[in-house]
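Before any comments, here is the structure.
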Amino acid sequence: MRYIRCAHRKLYNTNLVNSTFKSTYLSCSSDKPKNEVAVVVVGGGLAGLSAANHLIKNGFNRTIVLEATDRYGGRIISKQFGDAYCELGAKLVPINAKKDTVYNIVQNMRGLPKKVMQTKDKIYVNASGERMDRNLPELIDILYKRLCSHIQLDEKYKAGEMDDLNNVHTYFQAEKSKLVNSVFKGEDQKTANEIFNSLIKEFSSLFGCSLQYVNIEHITKLQNAVNNANAIYVPTGLDNILSILTKNLGKQQLMIGKPVGEINWYIPSKSGEKCVACLDGDVYLADHIICTVPLGVLKIFSENMFRPALPQSKINSIKKLGFGSPVKIYFEYEANIENWLRSSLRPLWTTDGLYSEIAWTKQVVEISKMPKSNRVVEIVIGGDWYDKIEKLPDLELLTEITKLMRTLLKNENIPYPSSVLRSNWSTLACYLGGRPYFSTGSTISDVLTLAEPLGPTKSLLFAGDATIVDGFGTVDGAHRSGIREAQRIIDHYNSQEAVKANSQ
């Protein structure tokens, strides 16, 4: 891949790029053989690596990946922590035997352990440490799954009664109240309401935002949007799959520490070359550019990052789609924790009572031992205040959660953890969030608009888990979106070759 090194770190303007590359190539990129076509993939996450891998396997050897951070993999981050591998980003792989799925990659990796996600043995405990009878949570779980199946929503859509239920929070609360009031009586009614709230908070933990911001379409039009019942996990870390996607990429094709300052995606014929300019001064020529930049970054920089500017319709879609920050927290202990934590704890909260003065602890959904681990605990955070909790000092986090565990288990001898591992998606400059969602101001059409390629010869393409409806916000979506955009380029040149063959 040919590039020009510039002396100064700065954002590039179109005039500078045009003068630098004027008349570098005068021929149309469509006339080039595949092995001469330059493709720059911006972003080394799952979508970017999947796109590059697919291109190289199909003969597009002048493909490079520019990754801004010091590691590739994007929002797949597996960390060995104590006696477990913990996922700070994506964790579960949907069981899907179709071609081009992450499950397909995992299944074909010899020697890679994989486990079916088992239902945890959950104990619901109130703020005073009193345990709930198992029968009530099991019944409510069944009712909650029916609520999530959106049968009632389909009926309301047909009847035109959705004006007052435009977000997931409103829908859940309205339907929960109907179920609780009609099925339960007395003290059970109060407990049932608290258990429902716990399950609803768990759903919000997937997105890292309040469900008040999530469009009802997220559960009515997306498959597997609510539960991960049919999923597996990799005990030794999901990042094992990255070795498959990078095995065909040489050192000069997968570059880390290359933050991009400007993407020049459309230069008129005979006046220059499309290119990607990095903040370290390197400029990479390209016939095609695949942008896999996370939605959170696009929200901040999309109006200044591209030359020429993106169409207003695409910018509007970027602004409307939501991007949350799921919080991942793990505690490591020096000694075996099975003496005091055998089942998953589910704290139940009322509007008043213990810990009312420390509201963020009421966002704790579940405290559980990591599978196959004797020393690592996972804490699931839901509800709200994700940014606040993500920025809490470690000392406050471990102190208050330890205090909470001692109360729930009625055991003042529970030790403090020896170390803490946690995510910080909202503050990472190259991500600015961890997972997309349909905000109340967006629809599926915004996803389709974001995915549309630009330029007469598909100069600029977009991939990532926010650019695909089937798999939106999932590892499968990211993987398939990268392959989809790579295939657009492949099809473009295959059609050109077919035209040439027919004309001879």
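Everything in the sequence shown is counted per the numbering used here, starting at 401 for the first residue and increasing by one. Each residue gets a CB set at the ideal place from its N, CA and C atoms; glycine is no exception.
Looking at the DSSP output, Leu-654 sits in a beta bridge with Val-465.
In the three-state reduction of the DSSP assignment, Val-727 falls in the coil class. Using a Cβ-Cβ distance cut-off of 8 Å, the segment 451-460 and the segment 869-889 are in contact, since at least three pairs of beta carbons, one from each stretch, lie closer than that value. Between Pro-817 and Phe-731, the gap from beta carbon to beta carbon is short of 7 Å.
Assigned with DSSP and collapsed to three states, Tyr-666 falls in coil, not helix or strand. Inclusion of Phe-862 and Leu-850 in the CB contact set at 7 Å is warranted, their separation being smaller than that value. Secondary structure of Leu-579 (DSSP, three-state): helix. For Ala-438, the closest of Lys-728, Lys-479, Arg-531, Ala-686 by C-alpha to C-alpha distance is Ala-686.
Annotation: Asn-496 to Thr-620 spans about 20 Å, alpha carbon to alpha carbon. In the structure shown, Gly-637 adopts coil according to DSSP, grouped into three states. Burial check for Pro-494: the Cβ neighbour count within 10 Å reaches 16 or more, so the residue is buried. In terms of Cβ geometry, Glu-617 and Phe-872 do not form a close pair [threshold 7 Å]. Of the residues Gly-681, Gln-887, Tyr-831, the one whose Cα lies closest to the Cα of Ile-476 is Tyr-831. With contact defined as three or more Cβ pairs closer than 8 Å, the segment 461-471 and the segment 481-494 are not in contact.
Rounded to whole angstroms, the separation of the alpha carbons of Asn-739 and Pro-815 is 11 Å.
Less than 7 Å divides the Cβ of Leu-721 from the Cβ of Ser-842. For Phe-603, the uninterrupted alpha helix (DSSP H) run begins and ends at 586-605, by DSSP. Comparing alpha-carbon positions, the option among Thr-750, Gln-712, Val-583 lying closest to Ile-540 turns out to be Val-583.
DSSP places Leu-685 inside the beta strand (DSSP E), whose first and last residues are 682-685.
Of the residues Pro-694, Asn-704, Trp-749, the one whose Cα lies closest to the Cα of Phe-723 is Pro-694. In the same chain as Val-869, and ignoring 5 residues on each side of it, the C-beta atoms closer than 6 Å to its own belong to Ile-844, Val-847, in chain order. For Cys-548, there is no enclosing beta strand (DSSP E); the enclosing alpha helix (DSSP H) has its first and last residue at 535-548.
Under DSSP, Arg-822 takes part in a beta bridge, and its partners are Ile-729. With a cutoff of 7 Å on beta-carbon distance, Glu-766 and Ser-744 are scored as near each other. Judged by beta-carbon spacing, Val-875 lies within the 7 Å limit of Ala-490, meaning their Cβ atoms are closer than that value. For Ser-773, the three-state secondary structure derived from DSSP is coil.
Separation of Glu-575 and Glu-467 (C-alpha to C-alpha, rounded to the nearest whole angstrom) is 45 Å. Straight-line spacing of the CA atoms in Ser-643 and Met-509 works out to 10 Å.
Nearest neighbour of Ile-715 by Cα position, chosen from Val-727, Arg-707, Ile-729, Lys-699, turns out to be Lys-699. When Cβ pairs closer than 8 Å are counted between the two stretches, the segment 672-692 is seen to touch the segment 653-663, the count reaching three or more. A Cβ-Cβ contact shorter than 7 Å links Ala-447 with Ala-878. Counting only residues of its own chain and dropping the five nearest sequence neighbours on each side, Gly-443 has a CB closer than 8 Å to the CB of Val-465, Leu-466, Glu-467, Ala-468, Gly-474, Cys-691, Thr-692, Val-693, Pro-694, Gly-864.
Contact annotation, Ile-641 with Met-517: C-beta distance approximately 17 Å; criterion of less than 8 Å not satisfied. Tyr-485 has Gln-480 as its beta-bridge partners, per DSSP. Straight through space, the alpha carbons of Asp-431 and Ile-663 are spaced by roughly 23 Å. From the listed residues Ser-598, Pro-537, Val-440, the smallest Cα separation to Thr-750 is found for Ser-598.
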